[in-house]
Amino acid sequence: MERWANRVAVVTGASAGIGAAIVQKLAENGMVVVGLARRKEKIESLRDEVKPEARDRIHGIECDITVEQQIIDAFKEVEKTYGPVAVLVNNAGTGRETKLVKEGNTEDILVTLNTNVLGIVYSTREAFRSMKENGGDGHVFLINSVAGHNVPYLPNTNINMYAPTKYAVTAMTEVYRQEFLSLETKIKVTSISPGVTESEGIKKHRHKMREVTAMLQPEDIADGLIYCLGTPPHVQVHELTIKPVGATVW
Numbered sequence: 012m013e014r015w016a017n018r019v020a021v022v023t024g025a026s027a028g029i030g031a032a033i034v035q036k037l038a039e040n041g042m043v044v045v046g047l048a049r050r051k052e053k054i055e056s057l058r059d060e061v062k063p064e065a066r067d068r069i070h071g072i073e074c075d076i077t078v079e080q081q082i083i084d085a086f087k088e089v090e091k092t093y094g095p096v097a098v099l100v101n102n103a104g105t106g107r108e109t110k111l112v113k114e115g116n117t118e119d120i121l122v123t124l125n126t127n128v129l130g131i132v133y134s135t136r137e138a139f140r141s142m143k144e145n146g147g148d149g150h151v152f153l154i155n156s157v158a159g160h161n162v163p164y165l166p167n168t169n170i171n172m173y174a175p176t177k178y179a180v181t182a183m184t185e186v187y188r189q190e191f192l193s194l195e196t197k198i199k200v201t202s203i204s205p206g207v208t209e210s211e212g213i214k215k216h217r218h219k220m221r222e223v224t225a226m227l228q229p230e231d232i233a234d235g236l237i238y239c240l241g242t243p244p245h246v247q248v249h250e251l252t253i254k255p256v257g258a259t260v261w
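Listed below in structure tokens is the structure:
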């Protein structure tokens, strides 16, 4: 991790769950971390949960990941205030509960698509520009899901737009690998696909997920990311799948 010391990492969806754990872990490993989320105060409160030497390395910017201009403005602020982006963690995600064939569900479908897919596109575009202009190296992470590789059967939930958007993330990971290579950069890309992980959203729907028998903690995903980030420059972990021991569905 030495080569990332004091360089800038941007984490979307950083106010809770996996995003918050990643912010803390990156800061404790020496990076300057800027979290993007609608709840800026939640990001800043993470300073109280890290080692003293890491507190000054955590910063927050209010940003709705579904609004392109807010993303553009946020990355401009990051570069102006903290420096060029070296690491991007596309963590923001949602799973609005709806069936694809349900009438009147346009808003739920668009929010899921805009958050899980287009938010990644806009954020990665801005981060890539910064990385390419400042040495041509860096690392882009896409927090995916096991549902982006196999559609789980969960009859008691209706997050039916979630898996299609995560399948898109799986495809985007390979597209980014090819684009980063063709544009002659050394920027890495990694998809991290967790199984069911403790989060605000999971807590809300846990009573409907009787098929889920084991669960990960956000820190487990953050540890996996640190491993991938710490690999030598010539090593690229393209896909990391993390499941809890004893998982029967996810």
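Take the sequence shown: its position 47, counted from the start at 1, is 58 in our numbering, and no numbers get skipped. We put the beta carbon where it would ideally sit given N, CA and C, even for glycine.
Own chain residues within Cβ distance below 6 Å of residue i, not counting five before or after
i    : result
T95  : Note on residue identity: the sequence assigns Pro, not Thr, to residue 95. Here the set comprises S141, N145.
K254 : G206
A174 : A158, V162
G46  : V22, A25, V34, I54, G71
W15  : M42
D75  : R49, Q81
F191 : I198
K87  : none
E73  : K51
Proximity winner among the options, relative to residue i (alpha-carbon distances)
i    : options               : result
I198 : T242, R188, S204      : R188
K36  : C239, P244, P243      : C239
G104 : V200, S204, G257, A65 : S204
Y93  : A20, V200, T259       : A20
E137 : P166, A16, E79, T181  : E79
G106 : G41, N127, P229       : N127
L165 : E230, E108, Y178, E60 : E108
K110 : E13, G30, F139, T168  : T168
S202 : E185, E190, F191      : E185
E60  : A27, V200, E190, F191 : A27
Nearest-angstrom Cβ-Cβ length linking residue i and residue j, presumed shorter than 8 Å
i    : j    : result
R68  : V44  : 6 Å
T77  : N116 : With 8 Å as the limit, T77 and N116 do not qualify as a contact, their Cβ atoms being about 16 Å apart.
G262 : T196 : Only positions 12 to 261 of the chain appear in this structure, which leaves residue 262 out of reach.
I29  : P229 : 5 Å
C-alpha gap between residue i and residue j, whole angstroms
i    : j    : result
N171 : A32  : 27 Å
M183 : M226 : 26 Å
H249 : E52  : 33 Å
K62  : E39  : 7 Å
H150 : T252 : 18 Å
T208 : T259 : 14 Å
A65  : R58  : 8 Å
D234 : V112 : 38 Å
S210 : R49  : 17 Å
H160 : S56  : 34 Å
T176 : I120 : 10 Å
S193 : E114 : 43 Å
V89  : K143 : 16 Å
E13  : E118 : 44 Å
V246 : K91  : 31 Å
F139 : V200 : 11 Å
7 Å Cβ shell around residue i - same chain, five flanking residues per side excluded
i    : result
T242 : V248
A179 : V128
Residues near residue i by beta carbon distance below 8 Å, same chain, minus five either side
i    : result
V122 : T77, T105, R107
I232 : I29, A32, I33, I154, I203, P205, T208, I253
I237 : M12, K36, L37, N40
Legend entry - Contact between the segment 80-87 and the segment 127-140 (3+ Cβ pairs under 8 Å): The segment 80-87 is in contact with the segment 127-140.
Legend entry - Three or more C-beta pairs below 8 Å linking the segment 99-110 and the segment 153-166: With the cut-off at 8 Å, the segment 99-110 and the segment 153-166 touch.
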